[in-house]
Structures are given as C-alpha cells and as structure tokens.
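S.K.: Position 341 (the sequence shown) corresponds to 422 in our numbering; numbering is contiguous.
Just so it is clear, CB atoms sit at the ideal spot from N, CA and C, and this is done for glycine as well.
As the structure is a prediction and not an experimental result, all values here were calculated from the model.
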Amino acid sequence: CSLLRFPSAQKSSSFVGRGVQQGSPPELCLSPQLLLGGEGGGVSARFYFSVTPSVLPGSTSVLGSEPQPLTAMETPGCALREDKLFRAFSDVLLDVENADKEDEDVEDDTNLDLCVSYVKDIYKYLGELEVGKSRPKYLAGREIDGNMRALLVDWLVQIQMKCMLLQETLYMTVAIIDRFLQVSVSCPKTLQLVGISAMFIASKYEEVYPMSIGDFMCITGDAYTKFQVHHMERKILKALDFCLGHPLPPHFLRRIAKIAKVEFKEYSLAKYLMELCIIDYDMVHFPSSKTAAAAACLTLKLLKGCKWVSHHYTSYTESDLFPVMQHMAKNIIIVNEGSTHYSAIRNKYAMSTNSKISTAEELNSSIIWDLALPVVKY
C-alpha cells in the first residue's frame, strides 16, 4: 500500500525523551501513517509509538536501556474518505508520477550548448512558427507547375551534393522558393534564377563558408549576371519581409531521433523519406514537424515493426501522420519503379555514407504498397 506522511510527522518512528526522573512517565512520540486500501476499501490512520528515554546525569532509569518494539494503536475516528485524501495529496501524487517518467534531457543537464533548461520551449516556439507558412496547390493557374518545380529542386540537390552544403541549406532553399512563389508571380524563364538566388541566401544564412556569387555563375554557365542575381536576391528578401527564420524538418527529426534513441541506419532512412518530400509538390503544405514525425514513424514500422509511441513528445498520433506516410510511400514506389526522372535524392542515399539506404529491401515491403495504393497515380 502507498505510504503518505503528514507534514508534521517525524522522519523516524522512534523518539528520544528529554530525560525522566525515577517514577515520572516517559515521553512519547506519535508518528501518524495513513494506510490506503484497508478494511472495507477505506482509509484509516494508524499511530506508531515507541519509548526510548534518555536519563539525565544523576538520575536512575525506570525502563531498560533497550527501546521497546513498535506497537500499533488503531484510531477509528481518524478515517477519511479516499477521494478527499487523493485530492488533499494530489500534488504529491503528481510529483511521484512525473518522477517515474524518463526525462530525455536529464543526461545533458551539464551541457550548456544543448539549452536543456528551455529546449522544450524552443520546440514549442518552432511549432508555432511553422503554422501557415505554405499553402497547398499554390501554383494553380500559374505558368510554373509542379513538374517544373520538381526539376528545379532535383537540380538543387545535385548542387548541394557537389558543393557539400549542409542539409539545412538545401531545405531552407526549397522553403524560400515555395514562400516566394506563393506571393510573387514568376515565369518559367526566371525559375532557375529564383532557385540559385534562394540558395545564395540560404548559403549565407546557414553555412560557415557560404558560396560566392561567382560559384553560381560557374554552375549556371554564366547564364545570369551578378546584377541579375543580386536583383533577384533583393526581390526575394523584400517579398519575404526579411523573415528567413523557418522551422525545417531536420530540426524536428534530430529531436525525435534523440528521444527514440535510433541507430544510424534508422536515422538515414528517416532522412531519405523526408528528403523525397521536397520534390513532391503535393506535400508542400505539410508542416515540417509533421513531415519529420511521419518519417520517423514510417521508419520504425519498416525497420523495427513497432508502433508509434512518441506522440507524447511530438504531439502527433499515428492517425495524424497517416496522410503524410501515404505520400512518402507513394514517393518510394515512384522512385523504385523508375517512373520519374528526378533521381538525385535516390542516388545520394545509395552511397555508403548514407548506409545505401535507398536500396534497402525494406522499401519494397507490403507496408509501403498498402500505404501508397490510395494515393499513387499511374
């Protein structure tokens, strides 16, 4: 049974008297203890007492030097209703429950770089920032369509690989492009210029050593001048109101991977599933946190066969992630069957540095097909 002590209770059930003269009664200490689940399912109070007198100099003890054993004394009048008792000690019970939960950040408490004290507040704020950043089908009625966008992103992935840029630079580039095209009308002739200008901005934002404008001139074969790139750069920044801080999927995936304690192969597969999403125009409106959580959920299903249990940390249940996982499975099938010309991401994750995860047998499992069939287009 659970044991709860009154605030006034002593830490020990024994008491040492201040000393007694011969013939005087010894002093007692009553230590109350509440016992739950007693007779009749109620709550009763029981007091334990012991006598351990201490003799003053010159006095004679009337009791033996050994303390008397604990004796139980029932007090029926102290019985309380069980529901009232739980309410009275609700704070204590909650503290005990929370103490049993594993804190994923406790081992990093001494690492100041990880901001353990307010890491949960940071991710809560990132979740608030990503609301309403992209809307579905924003290219409807434009000259630029989803296929043109996919071709541009596939080309940017190749640049990211060749120039060894950070993953954040690639994701931020795509985010800038999508946000800019939502508020500004561009023609297909300037789409590549928008792409390299967005990557130029993202490179300066994320990289320690950003790419120079001359690098982009070389990549495009001098198709654009420095003036054109700088002009488009200013146009993009003005359209975005210089708000470049955007929550990215890798930010959330790292957090989930830390909590779930995933291995390198699992982390590589989650990155692969997540990166295929940047090509898919049908997925531009999914929040970054949801994309990362869906990638982690599908990875655990494929490699471990376990259920999604991390909704406590991501705020998403498996049913919330189901539509995103359907599109991820669709992308896997399209890439594996060779029904797309955009293969840069598959080639990237076929390298040993990424565990050759794009060639894994698990990507041909029935789980993928069952998820993809409702949304795949032939």
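Within 6 Å: the Cβ of residue 302 and any heavy atom of the ligand NAD?
M.R.: Among the components of this structure there are no ligands whatsoever, and the ligand NAD is therefore not found.
S.K.: What are the start and end residues of the alpha helix (DSSP H) that includes residue 25?
M.R.: Given a span of 82 to 459 for the chain in the structure shown, any question on residue 25 remains unanswerable.
S.K.: Leaving out five residues before and five after residue 226 in sequence, what residues of the same chain have Cβ atoms less than 7 Å from its Cβ?
M.R.: Same-chain partners within the cutoff: 220.
S.K.: Quick check: what's the CA-CA separation for residue 266 versus residue 277?
M.R.: Going from the Cα of residue 266 to the Cα of residue 277 covers about 17 Å.
S.K.: Over the uninterrupted alpha helix (DSSP H) stretch that includes residue 450, give me the two end residues.
M.R.: 447-453 is the span of the alpha helix (DSSP H), which, as asked, contains residue 450.
S.K.: Taking its Cβ as the centre, do 16 or more other Cβ atoms sit within 10 Å of residue 228, making it buried, or is it exposed?
M.R.: The residue in question, residue 228, is exposed, as its Cβ has fewer than 16 Cβ neighbours within 10 Å.
S.K.: Specify the secondary structure class of residue 381 as computed by DSSP and reduced to three states.
M.R.: Three-state DSSP puts residue 381 in a helix.
S.K.: Excluding the 5 residues preceding and the 5 following residue 387 in the sequence, name in chain order all residues of the same chain whose CB lies nearer than 8 Å to its CB.
M.R.: Excluding residues within five positions, the ones whose Cβ falls inside 8 Å are 381.
S.K.: Under three-state DSSP, which class holds residue 430?
M.R.: It is coil, neither helix nor strand.
S.K.: If you run the structure through DSSP and keep just helix, strand and coil, what is residue 362?
M.R.: Helix.
S.K.: Which residue marks the beginning of the alpha helix (DSSP H) containing residue 367, and which one marks its end?
M.R.: Where residue 367 is concerned, there is no enclosing alpha helix (DSSP H), given that its DSSP letter is neither H nor E.
S.K.: Pull up the distance between the alpha-carbon of residue 325 and that of residue 257, whole angstroms please.
M.R.: Cα to Cα, residue 325 sits roughly 8 Å from residue 257.
S.K.: For residue 334 and residue 446, I'd like the C-alpha separation in whole angstroms.
M.R.: Looking at the two C-alpha atoms, the distance is approximately 23 Å.
S.K.: Smallest Cα separation from residue 295: which of 328, 310, 207?
M.R.: Nearest C-alpha to residue 295: 310.
S.K.: Ends of the alpha helix (DSSP H) at residue 22?
M.R.: The first residue shown for the chain is 82 and the last is 459, placing residue 22 beyond what the model contains.
S.K.: Buried or exposed: residue 352, going by 16 or more other Cβ atoms within 10 Å of its Cβ?
M.R.: Classification for residue 352: buried.
S.K.: Who are the near neighbours of residue 314 in its chain, counting only those whose CB is closer than 7 Å to its CB and skipping five residues on each side?
M.R.: Around residue 314: 278, 281, 282.
S.K.: Would you mind stating whether residue 408 and residue 216 have Cβ atoms separated by less than 7 Å?
M.R.: No. Outside cutoff.
S.K.: Residue range of the alpha helix (DSSP H) that residue 438 falls in?
M.R.: Note, residue 438: premise wrong, no alpha helix (DSSP H); not H, not E.
S.K.: According to the Cβ coordinates, are residue 341 and residue 355 closer than 7 Å?
M.R.: Taking 7 Å as the Cβ cut-off, residue 341 and residue 355 do not qualify as a contacting pair.
S.K.: With C-beta atoms as the reference, is residue 303 less than 7 Å away from residue 423?
M.R.: The answer is no: Cβ separation not under 7 Å.
S.K.: Have a look at residue 336 and residue 395 and give me their C-alpha separation to the nearest angstrom.
M.R.: Going by the C-alpha atoms only, they are around 9 Å apart.
S.K.: Residues in the same chain with beta-carbon distance under 7 Å from residue 297, minus the five sequence neighbours each way, listed in chain order, please.
M.R.: Contacts found: 277, 281, 310.
S.K.: Which of the three DSSP states is assigned to residue 295 in this structure?
M.R.: The answer is helix: DSSP assigns residue 295 an H, G or I state.
S.K.: Give me the residue from 305, 379, 437, 374 with the minimum Cα distance to residue 451.
M.R.: Among 305, 379, 437, 374, the Cα nearest to that of residue 451 is on 379.
S.K.: Please report the straight-line C-alpha distance between residue 431 and residue 274, rounded to a whole angstrom.
M.R.: In a straight line, the C-alpha of residue 431 is about 29 Å away from that of residue 274.
S.K.: Once you ignore the five residues that flank residue 301 on each side, which residues in its own chain have a CB closer than 8 Å to its CB?
M.R.: If we look at residue 301 and ignore the five residues flanking it on each side, its Cβ neighbours are 273, 277.
S.K.: Going by CA-CA distance only, name the one from 426, 448, 453 that's closest to residue 440.
M.R.: It is 426 whose Cα lies nearest to the Cα of residue 440.
S.K.: Tell me the rounded alpha-carbon separation between residue 167 and residue 433.
M.R.: Interpretation of residue 167 is limited by its pLDDT of 41, a score under 50 that renders its predicted location unreliable; the figure taken from the coordinates is listed afterwards. About 57 Å.
S.K.: Taking the beta carbon of residue 287 as the centre, do at least 16 other beta carbons fall within 10 Å, making it buried, or is it exposed?
M.R.: Buried, since its Cβ has 16 or more Cβ neighbours within 10 Å.
S.K.: I need the straight-line Cα distance from residue 399 to residue 328, nearest angstrom please.
M.R.: Their backbone Cα atoms lie some 22 Å apart in a straight line.
S.K.: Nearest to residue 306 by CA position, among 318, 323, 271, 420, is which residue?
M.R.: It is 271 whose Cα lies nearest to the Cα of residue 306.
S.K.: Helix, strand or coil for residue 217 per DSSP?
M.R.: In the structure shown, residue 217 sits in coil (DSSP, three-state: anything other than H, G, I, E or B).
S.K.: DSSP three-state label for residue 249, please.
M.R.: Residue 249: helix per DSSP, three-state reduction.
S.K.: Starting from the C-beta of residue 362, find all residues in its chain whose C-beta is less than 6 Å away, skip the five residues before and the five after it, and write them out in chain order.
M.R.: Excluding sequence neighbours, residue 362 sits near 227, 230.
S.K.: To the nearest angstrom, how far is the alpha carbon of residue 218 from that of residue 232?
M.R.: In a straight line, the C-alpha of residue 218 is about 17 Å away from that of residue 232.
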